[in-house]
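Protein chains in written order, with the working numbering: chain V, 364 to 512; chain W, 364 to 512; chain Y, 364 to 512; chain R, 364 to 512; chain G, 364 to 512; chain X, 364 to 512. Cβ atoms here follow ideal geometry from the backbone N, Cα and C, with glycine treated the same way. For reference, the structure discussed in these notes is given below.
6 protein chains.
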Amino acid sequence: MLKQAKGRIGRNAVLLAMLEEEEEAEITTHLDALEWRYCKGKVGSMELQKIVSSIETAAKRNNVVNSELYREMHALYHAIIEAVQGVTRGQVELGDLMRTVGLRFAVVRGKPYENDEEGEWIAVALYGTIGAPIRGLEHETIGLGINHM
Amino acid sequence: MLKQAKGRIGRNAVLLAMLEEEEEAEITTHLDALEWRYCKGKVGSMELQKIVSSIETAAKRNNVVNSELYREMHALYHAIIEAVQGVTRGQVELGDLMRTVGLRFAVVRGKPYENDEEGEWIAVALYGTIGAPIRGLEHETIGLGINHM
Amino acid sequence: MLKQAKGRIGRNAVLLAMLEEEEEAEITTHLDALEWRYCKGKVGSMELQKIVSSIETAAKRNNVVNSELYREMHALYHAIIEAVQGVTRGQVELGDLMRTVGLRFAVVRGKPYENDEEGEWIAVALYGTIGAPIRGLEHETIGLGINHM
Amino acid sequence: MLKQAKGRIGRNAVLLAMLEEEEEAEITTHLDALEWRYCKGKVGSMELQKIVSSIETAAKRNNVVNSELYREMHALYHAIIEAVQGVTRGQVELGDLMRTVGLRFAVVRGKPYENDEEGEWIAVALYGTIGAPIRGLEHETIGLGINHM
Amino acid sequence: MLKQAKGRIGRNAVLLAMLEEEEEAEITTHLDALEWRYCKGKVGSMELQKIVSSIETAAKRNNVVNSELYREMHALYHAIIEAVQGVTRGQVELGDLMRTVGLRFAVVRGKPYENDEEGEWIAVALYGTIGAPIRGLEHETIGLGINHM
Amino acid sequence: MLKQAKGRIGRNAVLLAMLEEEEEAEITTHLDALEWRYCKGKVGSMELQKIVSSIETAAKRNNVVNSELYREMHALYHAIIEAVQGVTRGQVELGDLMRTVGLRFAVVRGKPYENDEEGEWIAVALYGTIGAPIRGLEHETIGLGINHM
């Protein structure tokens, strides 16, 4: 069974990605108390490749994942691609379809289930804007991917 | 240009869908002050059709959209389908792929741009769980669709 | 090389599906002169299965394809599915996504290339409306699939 | 309710894109009489980005849309992407899948519903060929996207 | 690094699904020697749901996965869906698109990497026929999904 | 009706792509006896375009297809794209999604049905690894596409 709201990995990742910097302390304090690993960053691009690699790099550097183990990179990769699907809604493409994104991302790793044997899971949340490559011609977008580690 | 964080239609819709009932007053008070229209509801199903119709019915009954005008129903419909893509991440199917969802949804209609001529837009946010049709075998999921009215 | 406009299989199929009955004589006279096989029909449904089977049945009954040969049914099937993708634009689903179609279809079989060795090809064209299962809440839609026989 | 055949926005857009130059006068005269805005053009490419930007540029230059308003560009953009899905049938990709298109496009903006409150809609039609990047190795393709303005 | 050919989890799963019963002893003997868990079965249906549940049931009953742990069912589920994508090639649908499958499946769980810390992975292989719901109107199809446990 | 196991075009193509060089003689001897045309090759890339063109080039050079006839190239092309869908499972993209493949491929052309009128068909099989552009961070993948010639 999933834990209650405050123990939810997706909810925490989404709030971390979506809240303004001055609002995020509540979330990070809570994640620190849970002893969950996490990181946060920003990336803007017309290339999906750059979105994927920015998140992977941040997660490695902040020790959210162990880059030496493929099983950890594999879990993270699929969580990223699932989050990107929420952002792109249909065609998992940016520049080829003449659009660009400006995103904040959060990666959270922890134990979201009451049963300890369910072990660790990872959540990737993306929040920002998507639109034409012209300033202001854009609307908001969100995505969340979750995977077992 | 999009308004600052508090004036963002997607962010408000996501928070309305995701926050617990005791936390949502801050959002609804804010949306009331903006004089934006909105509604909130819950739906659980293995059938996407039921998800779509529950959101449409709630939006009509709460006068978020005018069900007599196809252009309003068309705008809402595409926002729902885009939100569902974030929830399903890849294949826009539930029961056929042996999975079910339990979702809270929010629909918000307002003016998210500084330029008044950008007019009204609609946001549909979904938050909840997706998984096997067995209690507890599930993880979180989110989706957001935005369209011009 | 494809033949000029009047010898184009896709163009003929689209016009046959799209023109009103009183306008179509020009096309059918032309197809008869070319000695190409063709048929036309109507189908409305929330179920894709019914769309596919209506077109298959019409093509068999009018001897546009030989239902005894899998290679002919395989060629037709893929042309139908490609045409349906133009109609559904993204998710190849109708009722599951709470939408319905009212379509006219045309199937044309002939030799559209200057080089006779390119042999016979088949075109499936669909034209009509797609929308909510409520009269009038709909817009037009089109699709064309082409395959070698 | 949609207007009868001659008042249909999608049908007009498809005919404008598909008919030869010497045949199109009937359509343009009719569109002028309706006081609908429209434009027509050609584009060939292995890059979807170029297809999208050519149509956007033509629609802006011919005042079919107001490029200063994101809501108009947003409506046009989604109509283009939907039309492209009919052209690509499955994977919304060209060069990455080793194929190229030669297309004529038409954009039409008008009021296709009997009820005046349904307001303005936009239709993007594409017609041409798709195939290998070798002259002659190609077949026809079509796409139509429709959106409320 | 992946182990050499005989230690490959996907290759073993594909051969187990594809070889005739009289040929499979070589594979099962080898899997037994590796002390890997596996099962094999057959399923024919126009409903994807039945394909998914047949594989899940076989994997549970043969103790290839522990049905009490969501993380194991989650790993298996995604491997199944990936394998189904190879079978359906494009639209992850059967009956809705008027087609049916007759499949043999194999699920294999083991350690396919030289580095022991990469731990256990799961492979789902499908092999059989796909086609119209008429005997003989069908061709072969294959799919393979791999996930970390 | 499809022929028995040894006469199956997909099974032969998959084994030809998947077996080690020292194991493949059994398959090639059998294909030679059937007087079926076939070829085998290797390709590694982050670009799908290169995968498609490598297979097309090998099939042309080995006279598995006649590159002068579009109908043969069209049949081969769709078989390749279907095989690629098994390899990519969801998004038909490699480098854009920050992943790369190392594949062996086989193309087989023959008569897989008991009824001689079903004529020639073509099978494209792919087997290898997919993963991050870092050596060792990869797992196996397979794909099979079949089409009538």
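Proximity of residue i and residue j at Cβ, strictly below 7 Å
i	j	result
A446 of chain X	V487 of chain X	yes
R467 of chain R	Y440 of chain R	no
M364 of chain G	G499 of chain X	yes
K423 of chain V	S417 of chain V	no
I497 of chain Y	T504 of chain Y	no
G403 of chain G	P475 of chain G	Here residue 403 of chain G turns out to be Lys, not Gly, going by the sequence shown. Result no, Cβ atoms of K403 of chain G and P475 of chain G do not sit closer than 7 Å.
V415 of chain G	I443 of chain G	yes
A421 of chain W	M512 of chain W	no
Close Cβ partners of residue i (< 7 Å) along its chain, the five nearest in sequence each way excluded
i	result
W399 of chain G	V471, R472, G473
E410 of chain X	L457, G458
V427 of chain V	R400, Y401, C402, V470, R472
L561 of chain X	Only positions 364 to 512 of chain X appear in this structure, which leaves residue 561 of chain X out of reach.
E477 of chain X	M364, K366
Rounded straight-line distance, which links the Cα of residue j to that of residue i
i	j	result
G506 of chain G	G482 of chain X	26 Å
Y401 of chain G	W484 of chain G	12 Å
M461 of chain X	A469 of chain V	19 Å
Q454 of chain W	Q412 of chain X	25 Å
V450 of chain V	N425 of chain Y	47 Å
V377 of chain W	E386 of chain V	16 Å
A396 of chain R	Y433 of chain Y	50 Å
Q448 of chain G	G508 of chain R	27 Å
E419 of chain V	R452 of chain G	29 Å
Beta-carbon proximity list for residue i, same chain, < 8 Å, skipping 5 on both sides
i	result
H393 of chain G	K369, N375
T391 of chain V	L379, Y401
H502 of chain W	T492, I493, G494
Neighbour-count burial assignment, residue i, 16 or more Cβ in a 10 Å radius
i	result
I372 of chain V	buried
A350 of chain W	Because chain W in this structure spans residues 364 to 512, residue 350 of chain W falls outside the shown range and cannot be described.
N510 of chain Y	buried
A388 of chain W	exposed
K405 of chain X	exposed
E435 of chain R	buried
A495 of chain W	buried
E384 of chain V	exposed
E480 of chain V	exposed
Those residues which DSSP pairs with residue i across a bridge
i	result
K403 of chain R	R:A469
N510 of chain X	X:I485
S408 of chain W	W:V464
E501 of chain V	V:G494
L365 of chain Y	Y:Y476
Contact set between residue i and chain C, taken where Cβ atoms lie within less than 7 Å
i	result
I444 of chain G	Annotation note: the requested chain C is absent from the structure, which comprises protein chains V, W, Y, R, G and X.
Closer than 6 Å: residue i CB and nearest the ligand SAM heavy atom
i	result
L378 of chain R	In the structure shown, the ligand SAM is absent, as is every other ligand, since no ligand is present at all.
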